[in-house]
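In what follows, a single structure is set out as structure tokens and then discussed.
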């Protein structure tokens, strides 16, 4: 799954979870994962997962679209 960020997202509690490059930047496309409940996490440049809210991203390519190729 790939997502394009509509806004820049950082951890909610940066003093605990902040690591170098633990950010998803607006306008950039990232690989992402989705759990069985539909929650989406973008994969940061440093490989860390960062949860995103529905209004913060748009889906560029879903797993279903990838399977149809």
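In the working numbering, the protein residues as written are 533 to 601.
Glycine is no exception: its CB is placed at the ideal position from the N, C-alpha and C atoms.
| query | result |
| --- | --- |
| Residue 588 (DSSP reduced to helix, strand or coil) | helix |
| Rounded C-alpha distance that separates residue 585 from residue 568 | 16 Å |
| DSSP three-state assignment for residue 595, whether helix, strand or coil | helix |
| Under 8 Å between C-beta atoms of residue 544 and residue 577 | no |
| For residue 558, the three-state DSSP class (helix, strand or coil) | coil |
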